[in-house]
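Undergrad: Following numbering that gives the first Met the number 0, the numbering of the sequence shown begins with 0 at its first residue and continues without gaps.
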Amino acid sequence: MSEQTMDIEKLGEKIVRVLKTIYDPEIPVDIYELGLIYDVFVNEDYEVKILMTLTSPNCPVAESLPQEVNEKVKSLNQVKDSEIEMTFDPPWSKDLMSEEAQLELGFM
């Protein structure tokens with residue numbers, strides 16, 4: 000495995016740690032465990048693209064949450080640039096939540 004591949008993997012892990020510090024204000028679970036992050040891509044230039052969704056298109060934080068994700072990811076030293084892509088396909092459902100999040104919210 001090349002050094003760059005290891006760096007990209009480490010950066011991916013750092014990004015996930017940052018995502019776990021961001022919460023949907025209406026739910027006491029971070030957005031990663033909630034299943035709102037569909038994918039995190041990091042290219043060899045350390046540019047990040049995050050594919051994410053919201054609990055609903057009418058979510059009260061539809062404007063601010065993606066912005067917060069982008070700002071926090073960009074604040075990581077190695078990240079050259081980041082882009083957030085919103086999608087509602089597939090739509091979010093509680094099945095996307097981690098077991099930990101489902102337990103926390105009493106779904107299990």
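For glycine and all other residues, C-beta sits at the position ideal for the given N, C-alpha and C. Being a predicted model, the structure only gives us computed values, none of them experimental.
1) Tell me which same chain residues have a C-beta within less than 6 Å of the C-beta of residue 83, skipping the five on either side of it?
2) What separation, rounded to the nearest whole angstrom, lies between the Cα atoms of residue 47 and residue 74?
3) Assuming residue 107 and residue 34 form a contact by the criterion Cβ under 8 Å, report the distance between their Cβ atoms to the nearest whole angstrom.
4) Quick one: is residue 54 buried, meaning 16 or more other Cβ sit within 10 Å of its Cβ, or exposed?
5) Which partner residues does residue 48 have in the DSSP bridge list?
6) Check residue 29 in the structure and name its three-state DSSP category.
7) For residue 115, report the span of its alpha helix (DSSP H) as first-last.
TA: Judging by the given coordinates:
1) Start at 1 with the first residue of the sequence shown, and residue 83 comes out as number 84. In its chain, beyond the 5 residues on either side, 49, 65, 68, 69 have a beta carbon closer than 6 Å to the beta carbon of residue 83.
2) Locating residue 47 in the sequence shown gives position 48, where the first residue counts as 1. Locating residue 74 in the sequence shown gives position 75, where the first residue counts as 1. Going from the Cα of residue 47 to the Cα of residue 74 covers about 12 Å.
3) If you number the sequence shown from 1, residue 107 lands on position 108. If you number the sequence shown from 1, residue 34 lands on position 35. Rounded to whole angstroms, the Cβ separation of residue 107 and residue 34 is 14 Å, and the two are not in contact under 8 Å.
4) As a position in the sequence shown, residue 54 is number 55, starting the count at 1. Buried, because 16 or more other Cβ atoms sit within 10 Å of the Cβ of residue 54.
5) For the purposes of this step, residue 48 is taken as residue 49 along the sequence shown, with counting starting at 1. Residue 48 pairs with 40, 82.
6) As a working mapping, residue 29 is identified with position 30 in the sequence shown. Of the three classes helix, strand and coil, the one that applies to residue 29 here is strand, per DSSP.
7) This structure gives no information on residue 115, because the portion of the chain shown stretches from 0 to 107.
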